[in-house]
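Here the structure comes first, spelled out in structure tokens, and everything after it is commentary.
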Amino acid sequence: MAADQNPRATLGYEQARDELIDVVRRLEAGGASLEESLALWERGEELAKLCRHWLEGARARLDAVLAAEEQEELAAGAAEQAAVDAEEEAGGRPA
81 MAADQNPRAT
91 LGYEQARDEL
101 IDVVRRLEAG
111 GASLEESLAL
121 WERGEELAKL
131 CRHWLEGARA
141 RLDAVLAAEE
151 QEELAAGAAE
161 QAAVDAEEEA
171 GGRPA
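The sequence shown runs 81 to 175 under the working numbering.
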């Protein structure tokens, strides 16, 4: 299959988005035959899927980083609380 028919093989997000914008402009301008319009629409659908794929991947990466940071903060907070509890417990004992 040619790369032009399988954009997932070669296009990055920005390239797919830019080509999708061009496809939409060409469709909105009119003047294309029915067959050309259908081909443009099909290409636009594939490009839109590719853009969604890239965005979903980016969202998953962001969610993973944010979840890891949240876990680190929770662990640090728990360790800090344990240290405070230990100090209070040690301070409450007779010397």
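Note that the Cβ used here is the ideal one computed from N, Cα and C, for glycine as well.
**Message:** Considering only their Cβ atoms, is the gap separating L135 from L120 smaller than 7 Å?
**Reply:** Reading the sequence shown from its first residue, position 40 is the one you call residue 120. Reading the sequence shown from its first residue, position 55 is the one you call residue 135. No; because the gap between Cβ atoms is not below 7 Å, this pair is not in contact.
**Asked** Taking the C-alpha atoms as reference points, what is the distance between A148 and I101?
**Response** In the sequence shown, residue 148 corresponds to position 68, counting from 1. In the sequence shown, residue 101 corresponds to position 21, counting from 1. Rounded to the nearest angstrom, the two C-alpha atoms are 35 Å apart.
**Request:** Would you mind listing the alpha helix (DSSP H) stretches within the region 128-162 that are 4+ residues and don't spill past its ends, in chain order?
**Result:** For the region 128-162, not one full-length alpha helix (DSSP H) segment reaches 4 residues or more.
**Request:** Give the DSSP-derived three-state secondary structure of G124 in the structure shown.
**Result:** Numbered from 1 along the sequence shown, position 44 holds the residue referred to as residue 124. In this structure, G124 counts as helix in the three-state DSSP scheme.
**Asked** Would DSSP call S113 helix, strand or coil?
**Response** Translated into positions along the sequence shown, residue 113 becomes position 33. Of the three classes helix, strand and coil, the one that applies to S113 here is coil, per DSSP.
**Item:** E169 versus A162 - alpha carbon distance
**Value:** By one-based count along the sequence shown, residue 169 stands at place 89. By one-based count along the sequence shown, residue 162 stands at place 82. The straight-line gap from Cα to Cα measures roughly 10 Å.
**Simplified DSSP state of G92, which is helix, strand or coil** = The residue given as residue 92 occupies position 12 in the sequence shown. Three-state result, G92: coil.
**Item:** Buried versus exposed call for A166 [16 or more other C-beta atoms within 10 Å across all chains shown]
**Value:** Taking the first residue of the sequence shown as position 1, residue 166 is located at position 86. With a 10 Å radius around the Cβ and a threshold of 16 neighbouring Cβ atoms, A166 comes out exposed.
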